[in-house]
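Numbering (this note's numbering), first residue to last: 1 to 64.
Ideal placement from N, C-alpha and C gives every residue a C-beta, glycine not left out.
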(Lines of atoms letter the chains of each structure in order from A and count residues from 1; the text may use other names and numbers.)
(Lines give C-alpha, C1' and ligand atoms only; values in the text may rest on other atoms or scores of the structure.)
Protein backbone atom coordinates (compact mmCIF):
# COMPACT_ATOMS: atom_id res chain seq x y z
CA UNK A 1 0.00 0.00 0.00
CA UNK A 2 1.17 3.47 -0.85
CA UNK A 3 0.46 6.10 1.76
CA UNK A 4 0.79 9.84 1.21
CA UNK A 5 2.22 11.98 3.97
CA UNK A 6 1.08 15.53 4.62
CA UNK A 7 2.29 17.90 7.31
CA UNK A 8 -0.44 16.72 9.70
CA UNK A 9 -1.85 13.58 8.16
CA UNK A 10 -1.14 10.26 6.50
CA UNK A 11 -3.66 9.19 3.89
CA UNK A 12 -4.45 6.92 1.00
CA UNK A 13 -7.16 7.86 -1.49
CA UNK A 14 -8.52 5.32 -3.96
CA UNK A 15 -11.55 5.62 -6.21
CA UNK A 16 -13.37 2.71 -7.75
CA UNK A 17 -15.16 3.69 -10.96
CA UNK A 18 -17.66 1.52 -12.77
CA UNK A 19 -18.42 2.97 -16.17
CA UNK A 20 -21.27 1.14 -17.83
CA UNK A 21 -24.49 1.98 -19.64
CA UNK A 22 -27.97 1.16 -18.43
CA UNK A 23 -28.78 -2.50 -19.06
CA UNK A 24 -25.20 -2.91 -20.32
CA UNK A 25 -26.04 -1.78 -23.85
CA UNK A 26 -22.98 -1.82 -26.08
CA UNK A 27 -22.87 1.85 -27.05
CA UNK A 28 -19.14 2.33 -27.56
CA UNK A 29 -17.97 0.12 -30.41
CA UNK A 30 -15.10 -0.01 -32.85
CA UNK A 31 -13.24 3.23 -33.55
CA UNK A 32 -15.38 5.21 -31.09
CA UNK A 33 -14.51 2.80 -28.27
CA UNK A 34 -10.80 3.01 -29.09
CA UNK A 35 -10.93 6.83 -29.23
CA UNK A 36 -12.66 7.06 -25.85
CA UNK A 37 -10.14 4.64 -24.32
CA UNK A 38 -7.28 6.76 -25.69
CA UNK A 39 -8.81 10.01 -24.37
CA UNK A 40 -9.34 8.53 -20.90
CA UNK A 41 -5.74 7.33 -20.76
CA UNK A 42 -4.43 10.72 -21.94
CA UNK A 43 -6.50 12.50 -19.30
CA UNK A 44 -5.16 10.15 -16.64
CA UNK A 45 -1.61 10.94 -17.71
CA UNK A 46 -2.22 14.70 -17.53
CA UNK A 47 -3.58 14.46 -13.99
CA UNK A 48 -1.04 11.79 -12.96
CA UNK A 49 -3.73 9.20 -12.31
CA UNK A 50 -2.56 5.62 -12.41
CA UNK A 51 -5.03 3.08 -13.80
CA UNK A 52 -4.51 -0.33 -12.25
CA UNK A 53 -6.26 -3.14 -14.06
CA UNK A 54 -7.77 -5.75 -11.79
CA UNK A 55 -9.38 -9.07 -12.52
CA UNK A 56 -12.90 -7.67 -12.36
CA UNK A 57 -12.59 -3.92 -12.79
CA UNK A 58 -10.21 -1.00 -12.90
CA UNK A 59 -9.01 0.96 -9.89
CA UNK A 60 -7.78 4.52 -10.20
CA UNK A 61 -5.34 5.72 -7.60
CA UNK A 62 -4.89 9.46 -7.44
CA UNK A 63 -1.60 10.76 -6.04
CA UNK A 64 -0.85 14.43 -5.49
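task = Go ahead and pull the three-state DSSP assignment for residue 36.
result = helix
For residue 5: DSSP bridge partner residues = 10
query = Does DSSP put residue 21 in a helix, a strand or coil?
reply = coil
request  = Give me the Cα-Cα distance between residue 56 and residue 42, rounded to the nearest whole angstrom.
outcome  = Residue confidence for residue 56 is low, a pLDDT of 48 falling below 50, so the modelled location carries little weight and cannot support an answer.
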